[in-house]
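Encoded as structure tokens, the structure appears first; notes follow it.
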């Protein structure tokens with residue numbers, strides 16, 4: 030018999046099969062436009078960063094940011110709608126699907142979407158000559174580790190509200206600033222000390238550092254084990270918060 034979490038994954042994939050065209054631009058075309066306009070365009074003026082052409086330096090940052098934003102953005106309306114409008118989660122609650130199965134199925138779905146997007150982006154970066162190490166093949170694994178760290182807290186937030194207007198605050202004051210100041214477009218070392226510490230607290234910065242180290246074949250700012258451990262901490266904490274928020278919402 031199919032495991033409940035796999036059944037939840039299958040449901041989300043069936044829905045995505047009907048809606049995938051709406052995500053093509055944001056998942057695939059937008060990162061390509063960023064790579065061309067900022068990497069190649071602005072890169073012509075910037076030159077090199079840390080001895081690396083700006084296009085090659087920024088590509089892994091945009092890749093990690095793409096995975097981060099997919100995980101966060103998909104966990105806003107995608108989760109709230111299941112509680113408020115579609116009622117899918119309430120229907121699942123009437124079956125043998127547990128709250129953990131719901132969360133696991135959703136995260137597995139996000140991993141599928143993120144992996145597909147990352148693989149396409151890696152192929153594009155390779156055509157631009159932005160990959161300099163065979164370790165670039167590990168980038169999807171880094172993004173897979175980054176995904177639950179971004180999705181878990183967002184799922185908890187989405188399950189805790191009833192008005193989608195709060196998502197504007199989340200995107201404007203959390204997702205966008207995190208993306209801008211996590212070493213995606215410029216080195217975090219150029220930030221003032223206080224802002225640098227905030228950047229280090231973001232899971233995206235750790236994902237960017239690992240992706241950049243893998244694609245360029247250079248060591249990251251911190252030991253690899255520290256970056257991985259921090260991302261795992263975010264993944265576990267996000268899961269705990271999401272499970273608590275789902276349980277509170279379904280029992281209130």
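Numbering (this note's numbering), first residue to last: 30 to 281. We put the CB at the ideal spot given by N, CA and C, even for glycine.
Alpha carbon of residue i to alpha carbon of residue j, nearest angstrom
i           : j           : result
residue 248 : residue 88  : 17 Å
residue 242 : residue 161 : 10 Å
residue 143 : residue 259 : 20 Å
residue 102 : residue 250 : 28 Å
residue 30  : residue 274 : A caution first: residue 30 carries a pLDDT of 43, below 50, which makes its placement in the model unreliable, though a value can still be read off. Those two C-alpha atoms are separated by around 29 Å.
residue 3   : residue 123 : Residue 3 lies beyond the range of the chain shown here (30 to 281); nothing can be said about it.
residue 211 : residue 217 : 7 Å
residue 36  : residue 277 : 23 Å
residue 185 : residue 272 : 7 Å
residue 165 : residue 237 : 12 Å
residue 176 : residue 133 : 12 Å
residue 279 : residue 137 : 22 Å
residue 227 : residue 221 : 10 Å
Residue i - DSSP class collapsed to helix/strand/coil
i           : result
residue 163 : helix
residue 251 : coil
residue 191 : coil
residue 158 : coil
residue 231 : coil
residue 210 : coil
residue 53  : helix
residue 125 : coil
residue 215 : coil
residue 151 : helix
residue 2   : Given a span of 30 to 281 for the chain in the structure shown, any question on residue 2 remains unanswerable.
residue 48  : helix
residue 104 : coil
residue 136 : helix
residue 177 : helix
residue 239 : helix
residue 281 : coil
residue 226 : helix
residue 263 : helix
residue 170 : helix
Sheet register partners of residue i (DSSP bridge)
i          : result
residue 77 : 82
Residue i at chain E interface by Cβ criterion, 8 Å
i           : result
residue 280 : The structure shown contains no chain E; it is built from a single protein chain.
Residue i beta carbon near the ligand FMN (any heavy atom closer than 7 Å)
i           : result
residue 186 : For the structure depicted, the ligand FMN is absent and the ligand set is empty, with no information on it obtainable.
Inter-stretch contact at 8 Å, needing at least 3 Cβ pairs: the stretch 259 to 270 / the stretch 232 to 240:
yes
Is it a yes or a no for the stretch 114 to 127 touching the stretch 34 to 44, going by three-plus beta-carbon pairs under 8 Å?
yes
Three-pair Cβ contact test at 8 Å for the stretch 155 to 171 versus the stretch 203 to 217:
no
Three or more beta-carbon pairs under 8 Å between the stretch 76 to 87 and the stretch 169 to 187, yes or no?
no
Please confirm if the stretch 132 to 149 is in contact with the stretch 167 to 175, defined as three or more CB-CB distances below 8 Å between the two stretches.
yes
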